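Visitor: Going by the numbering used here, 152 is the number at position 39 of the sequence shown; the sequence numbering is gapless.
Here a beta-carbon is modelled for each residue, glycine too, at the ideal position from N, C-alpha and C.
Remember, it's a predicted structure, so these values are computed and weren't measured experimentally.
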Amino acid sequence: MSLPWAEAIPLHLAPGELRLGDATTAFAAPADLPAALERLAAARSLRGRRLELLLDDAYVHYLLLDWPAGVNTDEERGAYVRFRFQQLCGAACPAQVHAWENARPDRKVLASACDAALLAQVADWARLQRARLAGARGAWLDAYNRHARGMTGQTGAFGLWRGGRCTLGVWQAGDWQALRSFAADGAAAVADELARIAAALGLAKGLCHLSGLPGGGNWPDGWRRVDVEAAP
């Protein structure tokens with residue numbers, strides 16, 4: 114049995130908003146983040162606690178990739194992941210922290226990246242509170258992991274919509290096929306993106322599981338929308 118004080122406290126970071134447990138504070142610009150963190154720290158003692166940073170997908174990059182032949186060790190895979198994210202983000206890409214899943218060599222691998230300076234800033238603040246940053250993950254991946262067992266279907270998709278952005282992953286036979294993170298002002302934009310992905314991959318039907326998305330949208334023929342509980 115887990116002791117209550119051993120459980121990590123979720124620290125949610127979204128553009129303009131920071132939430133620690135039940136306490137929320139706003140900030141106008143990235144430069145105001147330190148002051149927002151201090152306001153949350155003043156509201157409760159964090160001494161000896163573990164924190165889990167949950168990042169809005171505006172702060173996260175995702176990639177699906179295949180391991181090239183000869184890329185086998187953790188060091189080789191780390192170098193390849195860094196290379197692919199540099200391709201995605203461009204030459205001006207800031208230093209990043211990367212993570213990737215352990216998948217069979219014949220399957221696509223889900224990888225993610227976030228700003229290393231942002232993580233260091235939060236980790237340093239946690240240490241000053243005599244707390245510890247135990248981990249960080251993106252909102253879409255966190256929501257997918259919570260809902261995965263309840264999602265069925267040979268072919269399907271999971272999308273998380275928050276604040277005008279949707280991250281949408283599509284799978285078939287247990288393997289990821291596509292992953293997109295894009296601006297979406299509502300259900301119509303998400304339905305259109307799913308239609309493009311399904312047409313490109315030749316996926317005639319499936320279940321599209323969605324969290325947080327308002328109603329509406331003209332969903333592709335053969336695809337059915339399934340709403341799941343919104344992420345906290």
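So what's E120 in DSSP terms, helix, strand or just coil?
Guide: Note: E120 maps to coil in three-state DSSP.
Visitor: Check whether the Cβ atoms of P123 and L167 lie closer than 8 Å to each other.
Guide: Cβ atoms of P123 and L167: closer than 8 Å.
Visitor: If you measure between the beta carbons of V184 and C227, is that distance less than 8 Å?
Guide: Taking 8 Å as the Cβ cut-off, V184 and C227 do not qualify as a contacting pair.
Visitor: By Cβ distance, which residues of its chain are closer than 8 Å to K221, with the 5 residues on each side in sequence left out?
Guide: Here the set comprises L177, L178, D179, D288, W289, Q290.
Visitor: Please go through the stretch 243 to 290 and give each complete alpha helix (DSSP H) segment of 4 or more residues, from N-terminal end onward.
Guide: The stretch 243 to 290 contains these whole alpha helix (DSSP H) runs: 252 to 260.
Visitor: Grab me the residues of W332's own chain with a C-beta within less than 6 Å of its C-beta, minus the 5 sequence neighbours each way, in chain order.
Guide: If we look at W332 and ignore the five residues flanking it on each side, its Cβ neighbours are A304, R338.
Visitor: From W336 to V283, what does the alpha carbon distance come to, in whole angstroms?
Guide: Taking the straight line joining both Cα atoms gives about 12 Å.
Visitor: Determine the direct distance from the alpha carbon of D334 to that of L246, and round the result to whole angstroms.
Guide: Taking the straight line joining both Cα atoms gives about 45 Å.
Visitor: Could you tell me the alpha carbon to alpha carbon distance between A229 and F295, rounded to whole angstroms?
Guide: Distance between the alpha carbons of A229 and F295 is about 22 Å.
Visitor: Out of P218, L241, C206, Y193, which one is the CA nearest neighbour of A212?
Guide: Measuring from the Cα of A212, the nearest candidate turns out to be Y193.
Visitor: What are the residues that DSSP puts in a beta bridge with E130?
Guide: According to DSSP, E130 bridges with A127, A139.
Visitor: Roughly how many whole angstroms lie between the Cα atoms of T265 and A148?
Guide: Going by the C-alpha atoms only, they are around 44 Å apart.
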